[in-house]
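A.B. asks:
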Amino acid sequence: MFVMSVAADFIAAARSAESAETQPKRTLCCCEYIAQANNQKSHLLGCCCNCEDLDLVCTRLVTCRRIDRRNIDGMLIAFQDRLRLPWRGGAKRISPAAIAPAFIIPLMLGLATLNSKTAIVLMLTMVGFSIWGLQLAKKTATRTNFFLSWTVFSVFYMILIFECQVPLLELVPEENYFLMFFTCAGIYCLYRTHRLAPLNLVSAQYGTTPKDELPGIAEASSGEEQAEAQTTLQMDSVLDLNDEEVVDIDTAERAGLMHGQPNICESCRKVTPRRAYHCQVCGTCVKRRSHHSYWLNCCIGERNHSWYIAGLFTSLIALILGANLTLTSICHPFLVLRPFGYALLLPDDCSEVFESFELGISFVVACYSLLIANYITFLLARQAFLWWNDTTLHEYKRAANAASNRSRIWSNWRAILK
1 MFVMSVAADF
11 IAAARSAESA
21 ETQPKRTLCC
31 CEYIAQANNQ
41 KSHLLGCCCN
51 CEDLDLVCTR
61 LVTCRRIDRR
71 NIDGMLIAFQ
81 DRLRLPWRGG
91 AKRISPAAIA
101 PAFIIPLMLG
111 LATLNSKTAI
121 VLMLTMVGFS
131 IWGLQLAKKT
141 ATRTNFFLSW
151 TVFSVFYMIL
161 IFECQVPLLE
171 LVPEENYFLM
181 FFTCAGIYCL
191 YRTHRLAPLN
201 LVSAQYGTTP
211 KDELPGIAEA
221 SSGEEQAEAQ
231 TTLQMDSVLD
241 LNDEEVVDID
251 TAERAGLMHG
261 QPNICESCRK
271 VTPRRAYHCQ
281 VCGTCVKRRS
291 HHSYWLNCCI
301 GERNHSWYIA
311 GLFTSLIALI
321 LGANLTLTSI
331 CHPFLVLRPF
341 GYALLLPDDC
351 SEVFESFELG
361 ISFVVACYSL
371 LIANYITFLL
381 ARQAFLWWND
391 TTLHEYKRAA
401 NAASNRSRIW
411 SNWRAILK
């Protein structure tokens, strides 16, 4: 009886503890969340309250004393945890990298409207900052939402300024319709590119809904185990046929074999399909991997490559068309051609665009869209070159690295022989 009563008390205590843990989660309003530091319910209005690290940093800063690095890290972690958006069922945490472009882009575009020299300096600064950020992300293989957020907010601000600041009375309604059509088509294609990216992963199964988090590679799912078992059976059958000297090449390719050996990823230690390569950013292998697009925060591979090309092409048309319509509306245009009765205009004199803010911001956004159009043109030209050679960007870089290594080895031997 004593043992039974102790067991009943233990079960009741466990149930009460479980209900106490789940109760705050069930009663969270849109502005409440569970703090990461103490696992207690907090409110968005208290974002600067009860932060000991912030108090210590402010105190040491006022008293001119040395600030400990741990207090700064704790303050930043607390701010990152408290940076949240009201949401149903509890406030959702926002990444600082995801909201930074929302303030950086309008600030730089607004400052660029002061005069032409400031516009040139800020445009070059934006290009240099983008190149430096991409190289840093590639070097460290960091997965970040900064560049995806930059893309989204750039599109948003360009559409907003074109529809609100550009004098639409100078445009034909059909021109605006064409611009909106190509803009929506480009957004949809790039959205599909990002949405279909999880299906490129070797661990992903066709027919499933893409998840927000990438599937892990440490443990194989039941579908992967069946696929690996099927691959093993195909390997055995191919080897048996090899003993009989009746090897079926098509069967070997479907099994992912090359000269009787399976295609095994050196990082995942898994049997992967042919032309599947490992992505250090995504942390798994990607089917027919071309490259990792930081601007879309996903890998370009087998399932989304065509959508990626279509998105680049339609976005290029929308950017050039929008820039031309903007510049011919705010500048003095001249007639180039009149095909089929339609006047094709180009801007001529834009010396007066910085006299007012409306004309200046329209001119700056048009130049910004032309910069993006030049970058997209380079991407499309590179993809056309790779398509002509029937290869991907990853395979082309691997071949180039192998060729450079062979030339380096040959030069070393020549130096030794001399």
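In full-length UniProt numbering, the protein residues as written are 1 to 418.
For each residue, glycine too, the CB sits at the ideal point set by N, CA and C.
1. What span of residues does the beta strand (DSSP E) with A276 cover, start to end?
2. Which whole-angstrom value is the C-beta distance of F146 and A100, which I expect to be below 8 Å?
3. Run the CB neighbour count on V202, radius 10 Å, all protein chains shown included, and call it buried at 16 or more, exposed below.
4. What residue range does the beta strand (DSSP E) around C285 cover?
5. What's the gap between the Cα of P24 and the Cα of A78?
6. If you draw a straight line from the C-alpha of M180 to the C-alpha of A318, how long is it?
7. Return the CA-CA distance between V272 and Y191, expressed in angstroms with no decimal places.
8. Any idea if S329 is buried or exposed, counting beta-carbon neighbours within 10 angstroms, 16 or more meaning buried?
9. Nearest-angstrom Cα distance between E253 and R274?
10. How would you label L344, buried or exposed, when you count the other beta carbons within 10 angstroms and need 16 or more for buried?
11. Sorted by chain position, which residues of the same chain lie with C-beta nearer than 7 Å to A400's C-beta, five sequence neighbours on each side aside?
12. Restricting to runs no shorter than 3 residues, where is the beta strand (DSSP E) found entirely within the UniProt domain "Palmitoyltransferase DHHC" (260-397)?
13. Going by DSSP, what residue range makes up the alpha helix (DSSP H) through Q80?
14. Taking the C-alpha atoms as reference points, what is the distance between N115 and M123?
15. Using only the alpha-carbon positions, how far apart do D81 and R93 sit?
16. By the DSSP assignment, the alpha helix (DSSP H) with W132 in it spans what residues?
17. Measure the beta-carbon distance from T183 to L296 and round it to whole angstroms, keeping in mind my assumption that it falls under 8 Å.
18. R93 by DSSP, collapsed to three states: which one?
19. Could you tell me the distance, in whole angstroms, from the CA atom of L335 to the CA atom of T392?
20. Whose C-alpha, out of L370, P333, E355 and A141, is nearest the C-alpha of H278?
21. Does the segment 361-373 come close enough to the segment 102-109 to have 3 or more Cβ pairs within less than 8 Å?
22. Output the distance between the C-alpha atoms of A220 and L196, rounded to the nearest integer angstrom.
23. Which class does L85 belong to by DSSP, given the choice of helix, strand or coil?
24. Using a Cβ-Cβ cutoff of less than 6 Å, which residues in the same chain neighbour R398 once the five nearest sequence positions on both sides are dropped?
25. Reducing DSSP to helix, strand and coil, say where L201 ends up.
26. So, helix, strand or coil for P167, using DSSP?
27. Should C164 go down as buried or exposed, given a rule of 16 or more other Cβ atoms within 10 Å for buried?
28. Could you compute how far the alpha carbon of D390 sits from the alpha carbon of V286?
29. Quick one: Cα of A185 to Cα of C268, how far?
30. To which residues of the same chain is I105 closer than 8 Å at the C-beta, ignoring the five residues directly before and after it?
31. Count the other C-beta atoms from every protein chain shown that fall within 10 angstroms of the C-beta of W388, then say buried if there are 16 or more, exposed otherwise.
32. Quick check on DSSP: helix, strand or coil for residue 428?
33. Helix, strand or coil for V172 per DSSP?
34. Classify G341 as buried or exposed, calling it buried when 16 or more other Cβ atoms lie within 10 Å of its own Cβ.
35. Go ahead and label W307 buried or exposed: buried means 16 or more other beta carbons lie within 10 angstroms of its beta carbon, across all protein chains shown.
36. Hey, out of E175, C189, P333 and I320, whose CA is closest to D349's CA?
C.D. replies: Inspection of the coordinates gives the following:
1. Here residue 276 corresponds to residue number 276 of the sequence shown, with the count starting at 1. Looking at the DSSP string, the run of the beta strand (DSSP E) that includes A276 is A276 to C279.
2. Within the sequence shown, the letter at position 146 stands for residue 146. Within the sequence shown, the letter at position 100 stands for residue 100. Correct: roughly 7 Å between the Cβ atoms.
3. Here residue 202 corresponds to residue number 202 of the sequence shown, with the count starting at 1. The residue is buried, with at least 16 neighbouring Cβ atoms inside 10 Å.
4. As a working note, residue 285 is residue 285 in the sequence shown. First-last of the beta strand (DSSP E) with C285: T284 to K287.
5. Here residue 24 corresponds to residue number 24 of the sequence shown, with the count starting at 1. Here residue 78 corresponds to residue number 78 of the sequence shown, with the count starting at 1. Model confidence at P24 stands at a pLDDT of 44, short of 50, so the residue's coordinates are unreliable and nothing is read from them.
6. As a first step, residue 180 is located in the sequence shown; it is residue number 180 there, counting from the start. As a first step, residue 318 is located in the sequence shown; it is residue number 318 there, counting from the start. Their Cα atoms are separated by approximately 8 Å.
7. Taking the sequence shown and counting its residues from 1, one reaches residue 272 at position 272. Taking the sequence shown and counting its residues from 1, one reaches residue 191 at position 191. Before going further, note that residue 272 is Thr rather than Val in the sequence given. Each residue's Cα considered, the two are about 27 Å apart.
8. Translated into positions along the sequence shown, residue 329 becomes position 329. Label assigned to S329: buried.
9. Numbered from its first residue, the sequence shown carries residue 253 at position 253. Numbered from its first residue, the sequence shown carries residue 274 at position 274. For E253, the predicted model reports a pLDDT of 40, less than 50, meaning its position is unreliable; a value from the coordinates is still stated below. Near 8 Å, if we compare the C-alpha coordinates of R274 and E253.
10. Within the sequence shown, residue 344 is the residue found at index 344, counting from 1. That one is exposed.
11. The residue labelled residue 400 in the question sits at position 400 within the sequence shown. Answer for A400: no residue qualifies.
12. 276-279, 284-287, 291-293, 298-300, 332-337 and 344-349
13. Within the sequence shown, numbered from 1, the residue matching residue 80 stands at position 80. Looking at the DSSP string, the run of the alpha helix (DSSP H) that includes Q80 is R69 to R82.
14. By one-based count along the sequence shown, residue 115 stands at place 115. By one-based count along the sequence shown, residue 123 stands at place 123. Cα to Cα, N115 sits roughly 12 Å from M123.
15. Translated into the one-based positions of the sequence shown, residue 81 becomes position 81. Translated into the one-based positions of the sequence shown, residue 93 becomes position 93. Roughly 7 Å between the two C-alpha positions.
16. Sequence index remark: in the sequence shown, residue 132 carries index 132 (1-based). It spans S116 to T140 - the alpha helix (DSSP H) in which W132 sits, taken as one unbroken run.
17. Counting from 1 along the sequence shown, the entry for residue 183 is found at position 183. Counting from 1 along the sequence shown, the entry for residue 296 is found at position 296. Not confirmed; about 17 Å, so no contact.
18. Looking up residue 93 in the sequence shown gives position 93. DSSP places R93 in strand when its eight states are reduced to three.
19. As a first step, residue 335 is located in the sequence shown; it is residue number 335 there, counting from the start. As a first step, residue 392 is located in the sequence shown; it is residue number 392 there, counting from the start. Straight-line Cα distance between these residues: approximately 42 Å.
20. Along the sequence shown, read from residue 1 onward, the residue named residue 278 stands at position 278. For H278, the nearest C-alpha among the options comes from A141.
21. yes
22. For the purposes of this step, residue 220 is identified with residue 220 of the sequence shown, where counting begins at 1. For the purposes of this step, residue 196 is identified with residue 196 of the sequence shown, where counting begins at 1. Below a pLDDT of 50, predicted positions are generally treated as unreliable, and A220, at 36, falls in that range; no measurement from the model is reported.
23. One-based indexing of the sequence shown puts residue 85 at position 85. L85: strand per DSSP, three-state reduction.
24. Along the sequence shown, one-based indexing puts residue 398 at 398. Correct list: empty, nothing qualifies.
25. In the sequence shown, residue 201 corresponds to position 201, counting from 1. Strand, per DSSP.
26. Taking the sequence shown and counting its residues from 1, the one referred to as residue 167 is at position 167. Coil.
27. By one-based count along the sequence shown, residue 164 stands at place 164. It is exposed - the Cβ of C164 has fewer than 16 other Cβ atoms within 10 Å.
28. As a working note, residue 390 is residue 390 in the sequence shown. As a working note, residue 286 is residue 286 in the sequence shown. Answer to the nearest angstrom: the Cα atoms are 18 Å apart.
29. Position 185 of the sequence shown, counted from the start, is the residue given in the question as residue 185. Position 268 of the sequence shown, counted from the start, is the residue given in the question as residue 268. Going from the Cα of A185 to the Cα of C268 covers about 37 Å.
30. The residue labelled residue 105 in the question sits at position 105 within the sequence shown. Closer than 8 Å at the Cβ level, and outside the excluded window around I105, lie W150, F153, S154 and Y157.
31. Here residue 388 is taken as the residue at index 388 of the sequence shown, counted from 1. Flag for W388 reads exposed.
32. The structure shown has nothing for residue 428, since the chain only spans 1 to 418.
33. In the sequence shown, residue 172 corresponds to position 172, counting from 1. V172: coil per DSSP, three-state reduction.
34. Here residue 341 refers to the residue found at position 341 of the sequence shown. So G341 ends up on the exposed side.
35. Counting from one through the sequence shown, the residue named residue 307 turns up at place 307. With 16 or more other Cβ atoms within 10 Å, it is buried.
36. Against the sequence shown, residue 349 aligns to sequence position 349. Minimum Cα distance to D349 is reached at P333.
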